[in-house]
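Number of protein chains: 2
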Amino acid sequence: MATLGDIGVSALINILTAFAFLLAFALLRIQPINDRVYFPKWYINGGRTSPRRGGNFVAKFVNLNCMTYLTFLNWMPQALKMSETEIINHAGLDSAVFLRIYTLGVKIFVPITVVALLILIPVNVSSGTLFFLRKELVVSDIDKLSISNVRTESIRFFVHIGLEYLFTIWICYMLYKEYDNVARMRLHFLASQRRRAEQFTVVVRNMPQMSGHSISDSVDHFFKTNHPDHYLCHQAVYNANKFAKLVRKRDRLQNWLDYNQLKFERHPEKRPTKKAGFLGLWGERVDSIDFYKHQVKEFDKKMALERQKVLKDPKSILPVAFVSFKSRWGAAVCAQTQQSKNPTLWLTNWAPEPRDVYWRNLAIPFVSLTIRKLIISLSVFALVFFYMIPIAFVQSLANLEGLERVAPFLRPVIELKFIKSFLQGFLPGLALKIFLYILPTILMIMSKIEGHIALSTLERRASAKYYYFMLVNVFLGSIVTGTAFEQLHSFLHQSPTQIPRTIGVSIPMKATFFITYIMVDGWAGIASEILRLKPLVIFHLKNMFLVKTERDREKAMDPGSVDYPETLPSLQLYFLLGIVYAVVTPILLPFILVFFAFAYLVYRHQIINVYNPQYESGAAFWPHVHSRIIASLLISQLLLMGLLSTKKAANSTPLLVILPILTLAFHKYCKNRFEPAFRKYPLEEAMAKDIMDRTTEPDLNLKAFLADAYLHPIFRTFEEEELVEVRVDKVRVDRQQSYADNAPTSDLSSPSPPHEVYHSTSPPHHSYQPTSPPQDVYYHGSTPQYAYNFSSPPHYGYHYEAEP
Amino acid sequence: MATLGDIGVSALINILTAFAFLLAFALLRIQPINDRVYFPKWYINGGRTSPRRGGNFVAKFVNLNCMTYLTFLNWMPQALKMSETEIINHAGLDSAVFLRIYTLGVKIFVPITVVALLILIPVNVSSGTLFFLRKELVVSDIDKLSISNVRTESIRFFVHIGLEYLFTIWICYMLYKEYDNVARMRLHFLASQRRRAEQFTVVVRNMPQMSGHSISDSVDHFFKTNHPDHYLCHQAVYNANKFAKLVRKRDRLQNWLDYNQLKFERHPEKRPTKKAGFLGLWGERVDSIDFYKHQVKEFDKKMALERQKVLKDPKSILPVAFVSFKSRWGAAVCAQTQQSKNPTLWLTNWAPEPRDVYWRNLAIPFVSLTIRKLIISLSVFALVFFYMIPIAFVQSLANLEGLERVAPFLRPVIELKFIKSFLQGFLPGLALKIFLYILPTILMIMSKIEGHIALSTLERRASAKYYYFMLVNVFLGSIVTGTAFEQLHSFLHQSPTQIPRTIGVSIPMKATFFITYIMVDGWAGIASEILRLKPLVIFHLKNMFLVKTERDREKAMDPGSVDYPETLPSLQLYFLLGIVYAVVTPILLPFILVFFAFAYLVYRHQIINVYNPQYESGAAFWPHVHSRIIASLLISQLLLMGLLSTKKAANSTPLLVILPILTLAFHKYCKNRFEPAFRKYPLEEAMAKDIMDRTTEPDLNLKAFLADAYLHPIFRTFEEEELVEVRVDKVRVDRQQSYADNAPTSDLSSPSPPHEVYHSTSPPHHSYQPTSPPQDVYYHGSTPQYAYNFSSPPHYGYHYEAEP
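Quick mapping for you: the protein sequence lines, in order, are chains A and B. For the first sequence, position 303 matches number 293 in this note's numbering, and the numbering has no gaps at all. For the second sequence, position 509 matches number 499 in this note's numbering, and the numbering has no gaps at all.
Printed below as a string of structure tokens:
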């Protein structure tokens, strides 16, 4: 058992770590050379073009202004300056609502902390059972402040039950207010959005193959028949996964070519060479630049062939289409209704934003989806429950007595008081953290196999899986395996009323573990988030080896985005910890409070200065956040019941039974009241926007506007010539704000290989023009992705294509 | 433990009872006087007008043709003559699909019975553990044929597991085929239906009150804005519950008046009198006919006042409306989409058929629905779990040893061998049956409190509740309480893996109980269903005391309809029993098979000759039937696992684990594949019917057709004068088939009090014309209800109103 001293040491270490990270961040961020690592959002937004402040050569790389070093924490007030509305405009609703989760945490836990500390600590301490037992049982000091200290059958448990009621009501009230707010924000956001392709478009899956008709014809026929007044046009989807793979390979080759060319430029005395064989390990030694140039050319040919094949072969047209309607009303109707007699055919759903589409999964045959889902849910179950074994093993090591027994030679080191405290405080949390590091990638791959077609959905699914994992392994696993690994197996053989008891009893004992976990994962983890070590290193490496032009430098910039699959579940875990321990061991609450406040500052800063969201889902993750906080409430109620029943508080425990029922009823109410705002698009809203459109722009050419919104990336270069006309029209009509002045300028340092458009989204989005000569290169992303332009002054904006 | 002899006695008793019922039925049905009890459907259909066959006076009442007595079972082949298509036309899809459940039972269980008996009985019998134990333990002979007879750790359990797999696959295959069939039948039925009001209509609930606007205006405005091309008109709903109550009271008074008038006619020497006070027990003695005439007149005045009040008071307009659209497409769109930003406002759903509407619940304020649902689910839970106590008490009495101990003076009687067998075989099942008798009424009331607005939904909800009740109390309750009532309490304290074991072990021992249950509830119960004792008695009582005219005789006829809330759950219980015992005690299967076959015949006869469905839901109950059979499969698999694990068949039990997962996956697939056909209306279908309509009847006046379809009953007489014009138009255009020749003729025996239209639906449907003189009486039901006309030859048909 960790003592208060251990906690103190751990807190000190973690605070120092966090401070070290913050200091490093403060120093690094004001160096001009790191500007693109710490302020990429402003570059992307067009708010900043270059970090060069002074004319001094050294000042280009190192900050010489001493004053800025003194105010190294000034990013904090800066981060708070921007209002929420500005954040929505600057970074989108997703980011703004993501920040609200932290403020919700603060708002929920500040009063709870105050009340719990003021009321429960005196109640618990004065009960003082454990004071007398000190010598017999090894109990931590923390336990004296917890419910464990209260005598069995004590009347004081009514205080705990009362507070559980109070806290539940308070949390539900806050959740209701917040859900209401977020739903309103979402509706307002959607209502105030400009005209966007996805508002008019529906993705149709599993279209039946009619013999003698092309897929395009049958789509046209079906929707002309069944939505005669509203159907506008559709966009077929090609299976270009193989082509996308070629693009990725060519990218890699291009990088090697760039690297070698740069090397040659810097050391013109020696042409770089490489071995032509496998992995460059053996074979004939050849000139690297020539080799890669040749390879790239080969790939260009291959890709041209493959593209022709995809376009010619009718089999490469997938039974999926993006169907566009003349009005938002028509699209809303089609997305929400059943089209065909056979409910597995002509499945309609809202189309994701074009940049949100995960093209690769569109090629998955619909029939396999059910099987994929079954397999993935079984694997997630296996992963969640069998991952426990290694964690339990590491945790049993973190039990120092166990460690000493396994490795007796370590005893002298372990027995050192400081090391002992360090190990006890730091090790369990750290071990868990390392385990968790590789997990999100696995879960994301699993979600991809499940076959969702939008990045946002993929991230939400991965996040759900991660949450189950955390719940079982971090929360339950730590509580149960920590005390007795054997209990795991016997878990299935316990009665349903026994399980909450077993867990409930262990909960107070595990408070110290979770306090250190919060400090390691929460405090130090968040501080390391702001430092952005990995992007920093990668940026400088790229800068050194690959960057030839200003455009390459843009490309080397990796703004990243909020990592929802990882941050949402850990946030939800903190809510769970806070809610469960609020009544049991209230001393844990301040640690959580510090986490929420600190993380809020850090993420606010990152969202304003760094992250560049890949997509905008309009806070579609909120219902999950809400329902998982509700789940936390239920878990806390069950565990408290279990805990109290072991305390023989038979008179008071039944009082708690009504609470979960009320909580569930509240959840159901909220679900009915708010969730449709996140899943459906009300016709009232659609009609209002349609009418507004019709009055403001009666002669809008919607077909032109939508023409290539959901064009598969492969089409970009192929239909260039034909599309230019349409696109120019469109830009003039719709997009007065879009900047179209990105013709290649003298800023281009080398006219050599065909320029690539830089994308922040998934690989298949690469548009690619290998055959066009450098003079008439197009810089357009898949609409409406960001296309970087590198004229001076470089603008950044949403635009649909560029003119030569 | 009951022996094979006990079962034999019980079987004999039940078969004799069933035969007695059948014989009674055969004798009674051929008496002309009972014709209206046993063939009401033909009267309603217009297929039969009078039972009078010969001119003989006696032959009017008693069948004198001896030949017909000899062929007293000839109703069975007659019942099989009608084809399924004919049944659909004759009695609707609900009835036809209801019969399919029985054929499904036969189809599923015939091969299972054959296989199980051929394979399992030899396997079980030859194992012969129990033969040697005979003296020590009291085991029934049935047990020797069951799995109990197999030695623990025997390799023979692989046979049982293999058969469980085989049966599961077979049942799933049959379920899939059947679901497919039913879904197809439903779609075909909906597609081939004639034009009906509900196809164009959507019920809108929880409309917001806008200040300064009437509800009608705001409905018009909302739908004209949001469905401008499709909105046609709407029908406001009035809160007429108080008025309906008055109608019911007046009906009762009218009955008393009729009774007294009839009495006076038969005994003209003495005018009937009654006491005017409370319940006719004290007070001044008055002339009954005058008294009731006066009372009826009073009520007429009251009702006129109340109707005026309802119509004048804007507060009596409920925030509910039936909104009609110009096309089925428009209605399908509106029913399936979300209308308003606030998802709890403007809730749209398909309107039930007009005769299916449960008007009273339309007045329930929407906000209270969530609370009502919560309260009802809690009460159902309480009912399901605390109803157990009395049943357990009765069952413990049915344990003869217990009975002897409680009432030792009964010992001499009980010890008589025959009585003992009778009690053991008959009593437990009977006790349960009596308990279950009053239950459906309670559950129906509960469902009504929940606030569903269609009779069909109410019946389905009541049926679900009854199923839970049967599952817990009849199935689990009989298994567990029978062996040890104390186990019930300790149930919650057992581990999740222990519960299937506890139940699994008791299952083979309970086979005899369920066999007797099947015979009492299934065989004898079904035979009593065909006898229709209750309607028979009531008809003759009414015939004696109330019937003055031929029309009154029509009214006294009570065809009833399939009692879904009761029959569906018990059917599902038989499926459960069959599936659970198929592997455990296969000797039970023939009993179930006999039940399915016999019940099929009986219900087929009843549906053809007796029942008159109150509504047509298009087999909307099928998804429930399907998912409950799946649930039975899961239960059987779990229990078999539990049973085998107590048999220490450790090697073979894990093989079963994969089965529930596969079953669940199958269920999920079926849900996705077929359920939308029962919940939504595909646009393809709607559009096809719209187009057909437009081509066949381009100048249809849809507004007139829909005008009074959802007219609240209270309007019927009030707007008579204005509506006549419209209606006449409508009839000419739409309803060539409708008979309109029901002017009052000389057949009317007395011109006295205003004639009432006879309805088979809920009370508020009564149309009522107290102020109109008898000469210009209207005979119209609430559209499209059956209106009986009593001219000669009396026709019966769907029609919307009558002309004077």
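For glycine and all other residues, C-beta sits at the position ideal for the given N, C-alpha and C.
Opposite residue i in the DSSP bridges: which residues?
i        : result
CYS223/B : SER314/B
ALA546/A : ALA546/A is not bridged to any residue.
LEU583/B : Paired residues: none, contrary to the question.
LEU337/B : ARG195/B
THR263/B : ASP277/B
ALA444/A : VAL347/A
TYR228/B : ILE307/B
Should residue i and residue j be called a contact, given that it needs their Cβ atoms to be closer than 8 Å?
i        : j        : result
PHE315/B : PHE190/B : yes
PRO549/A : ILE34/A  : yes
HIS224/B : VAL323/B : no
PRO559/B : TYR427/B : no
LYS239/A : GLU296/A : no
LYS71/B  : VAL600/B : no
THR142/B : LYS638/B : yes
PRO333/A : ARG663/B : yes
TRP319/B : ASP680/B : yes
ALA589/A : ILE516/A : yes
LEU563/B : VAL464/B : yes
ILE307/B : ALA234/B : no
LEU83/B  : GLY512/B : no
ILE582/A : LEU567/A : yes
ARG345/A : GLN604/A : yes
ALA514/A : THR7/A   : yes
ARG242/B : VAL172/B : no
Can you list, in chain order, the residues of its chain whose CB lies under 8 Å from that of residue i, leaving out five sequence neighbours each side?
i        : result
LEU536/B : ASN245, ASP248, TYR249, LEU252, ASP542 and ALA546
Residue i by DSSP, collapsed to three states: which one?
i        : result
ASN345/A : It is Arg, not Asn, that sits at residue 345/A in the sequence shown. The answer is helix: DSSP assigns ARG345/A an H, G or I state.
LYS410/A : helix
VAL716/B : The pLDDT assigned to VAL716/B is 37, lower than 50, so where the model puts this residue is not dependable; a value taken from the coordinates is nonetheless given after this. Helix at VAL716/B.
ILE307/A : strand
TYR605/B : coil
TYR427/A : helix
TYR28/B  : helix
Going along the chain, which residues of its own chain have a beta-carbon closer than 6 Å to the beta-carbon of residue i, five neighbours each way excluded?
i        : result
LEU153/A : VAL573
PHE15/B  : ILE520 and LEU521
ASP724/A : In this prediction, ASP724/A scores a pLDDT of 39, lower than 50, which makes its location untrustworthy; the coordinate-derived value is nonetheless stated afterwards. Cβ neighbours of ASP724/A beyond the five flanking positions: PHE695.
ALA86/A  : GLU74, ILE77 and ILE78
Here's a check: name, in chain order, each residue in its chain whose Cβ is nearer than 7 Å to the Cβ of residue i, leaving out the five neighbours to either side.
i        : result
LEU94/A  : MET164 and GLU168
ALA69/A  : LEU591, ARG594, HIS595 and ILE598
ASP321/A : One detail in the question is off: residue 321/A reads as Ala in this sequence, not Asp. Excluding positions up to five away in sequence, the list reads GLN189, PHE190, THR191, VAL192 and PHE315.
For this session: Run through the segment 490 to 554 of chain A for me and flag every whole alpha helix (DSSP H) of 4 or more residues, listed as ranges in chain order.
Result: 501 to 507, 515 to 521, 523 to 535 and 540 to 546
For this session: Entirely within the segment 641 to 684 of chain A and at least 4 residues each: give me those alpha helix (DSSP H) ranges in chain order.
Result: 644 to 664 and 666 to 669
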